[in-house]
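Q: Chains as they are written, first to last, in the numbering used here: chain A, 1 to 143; chain B, 1001 to 1143.
2 protein chains.
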Amino acid sequence: MFKFNLGGLISPVQMLAERVISRGLKAIGRHIIVEAFGCSREVLDNPMLLRKTLMDAARKANMEICGEIFHEFNPQGVTGVVVVKESHLSIHTWPEFGYASIDIFTCGSYADPWKAYDHIIKALRPKSVQVMELKRGIIWSGG
Amino acid sequence: MFKFNLGGLISPVQMLAERVISRGLKAIGRHIIVEAFGCSREVLDNPMLLRKTLMDAARKANMEICGEIFHEFNPQGVTGVVVVKESHLSIHTWPEFGYASIDIFTCGSYADPWKAYDHIIKALRPKSVQVMELKRGIIWSGG
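1) Specify, as a first and last residue, the run of the beta strand (DSSP E) that B:ALA1111 falls within.
2) Please state the DSSP three-state secondary structure of A:PHE70.
3) Counting only beta-carbon atoms, is B:ILE969 nearer than 7 Å to chain A?
4) Taking the straight line between their C-alpha atoms, what separation do you get for A:ARG51 and B:MET1055?
5) Rank B:GLY1137, B:SER1090 and B:TRP1094 by C-alpha distance to the C-alpha of B:ILE1033 and give the top, closest one.
6) Put B:ARG1019 into one of helix, strand or coil per three-state DSSP.
7) Give me the subset of the region 1035-1049 of chain B whose CB atoms are less than 7 Å from a CB atom of chain A, sorted by chain position.
8) Pull up the distance between the alpha-carbon of A:LYS115 and that of B:PRO1126, whole angstroms please.
9) Using the three-state DSSP reduction, which class does B:ALA1057 fall into: helix, strand or coil?
10) Is it buried or exposed for A:TRP140, if we count other Cβ within 10 angstroms and need 16 for buried?
11) Applying the 10 Å Cβ sphere with the 16-neighbour rule, what's the burial state of A:MET1?
12) Can you give the Cα-Cα distance for A:VAL83 and B:PRO1047, rounded to whole angstroms?
13) Verify the CB distance criterion: does A:ILE69 have a CB-CB separation below 7 Å to chain B?
14) Could you give the DSSP three-state label for B:MET1132: helix, strand or coil?
15) Just to confirm, is the Cβ distance from A:TRP38 to A:GLY98 under 7 Å?
16) Restricting to Cα atoms, I'd like to know which of A:TRP94, A:ARG136 and A:TYR117 is closest to B:ALA1100.
17) Which residues of chain A have a Cβ atom closer than 8 Å to the Cβ of B:CYS1137, listed in chain order?
18) Just confirm the distance between the C-beta atoms of B:GLY1108 and B:GLU1086, as a whole number of angstroms; I'd bet it's less than 8 Å.
19) Determine, for A:HIS88, whether the minimum Cβ-Cβ distance to residues of chain B falls below 7 Å.
20) In chain A, which residues lie less than 8 Å from B:VAL1081 when you measure between Cβ atoms?
21) Using the Cβ count rule (16 or more neighbours within 10 Å means buried), how would you classify A:TYR110?
22) Which same chain residues end up closer than 7 Å to B:GLU1072 when comparing Cβ atoms and leaving out the 5 residues on each side of it in sequence?
23) Can you name, in chain order, every residue of its own chain whose Cβ lies under 7 Å from the Cβ of B:PRO1113, other than the five neighbours on each side?
24) Would you call the CB atoms of B:LEU1044 and B:THR1093 closer than 7 Å?
25) Per DSSP, what are the beta-bridge partners of A:ALA100 in this structure?
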């Protein structure tokens, strides 16, 4: 995905560009899929830290939080979901492999899922990341 | 994905095949991404029905439920997430477009995300569906 920034702000042009696929088609949602490898065991096994990270990421990305569920596994690992009006953020961690799977799904023009991504990656500090953005709900919008 | 069934049961061979990518590599998680178009407005705007559908889907797929959050929007639309020990199920609906985006993410050998998929599709009865399975967390497992 081509991404441009204006001093950290998202321009109205960029917001529009993210949703308009081509003439007459638009995407309802944007879904960022993240594979984070080489994270520290301590971070991936800390539900309070991961909860704060996802909640702060949602706020920074201009999302409105509806609720959240975080679950700590025995002997290790955390699953957490933050439900937002603009869709959801989720994280599932496997500290034994240094791996976290993260999904950031947003709709609308005001939330910027890549701001949430930046915040989460800064907190997790993975040694390697694979990331992709899927457009969800591509529909005919006229034009 | 090649999928085979033995009278509706999943064989141990199939469960293993779902996780082993090739010699020495396995996937920690399986993520089914569903784009459902042409669903009825009544179904997509019914949070109680969608909640029951996802909860039943989780149980049928052999998942253990940790919690759930469903949110109804004004004037329309529902967002819902069921967090399970094996990861999560989510749905976001846009009744005005007849569209629902559904994600089913499972880990482990006992949960079968495709059973959850079957149950959800039966309830939503979309006119068209796009579906894919992503392997999440592909790691070296020796061998």
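Using N, Cα and C, we set each Cβ at its ideal position, and we do this for glycine too.
A: The relevant details are as follows:
1) Taken as a continuous stretch (DSSP letters only), B:ALA1111 belongs to no beta strand (DSSP E), as it is neither H nor E.
2) In the three-state reduction of the DSSP assignment, A:PHE70 falls in the strand class.
3) With chain B covering only 1001 through 1143, there is no way to say anything about residue 969 of chain B.
4) 23 Å
5) B:SER1090
6) Residue state, collapsed to three classes: helix.
7) GLU1035
8) 33 Å
9) helix
10) Label assigned to A:TRP140: exposed.
11) Residue placement at A:MET1 cannot be trusted, given a pLDDT of 40 that sits under 50; the coordinates are not used to answer.
12) 15 Å
13) Yes, contact with chain B.
14) strand
15) Sequence inspection shows Gly at residue 38 of chain A; the Trp mentioned does not correspond to that position. Against a cut-off of 7 Å, the Cβ pair of A:GLY98 and A:GLY38 comes out as a contact.
16) Minimum Cα distance to B:ALA1100 is reached at A:ARG136.
17) Sequence inspection shows Gly at residue 1137 of chain B; the Cys mentioned does not correspond to that position. Correct list: GLU35, TRP94, PHE97, TYR99 and SER101.
18) Indeed they touch by this definition, with Cβ atoms about 5 Å apart.
19) yes
20) ILE69, VAL81, VAL83, HIS88 and SER90
21) exposed
22) PRO1047 and VAL1078
23) ARG1030, ILE1032, ALA1061, ILE1104 and THR1106
24) yes
25) A:ALA36 and A:THR93
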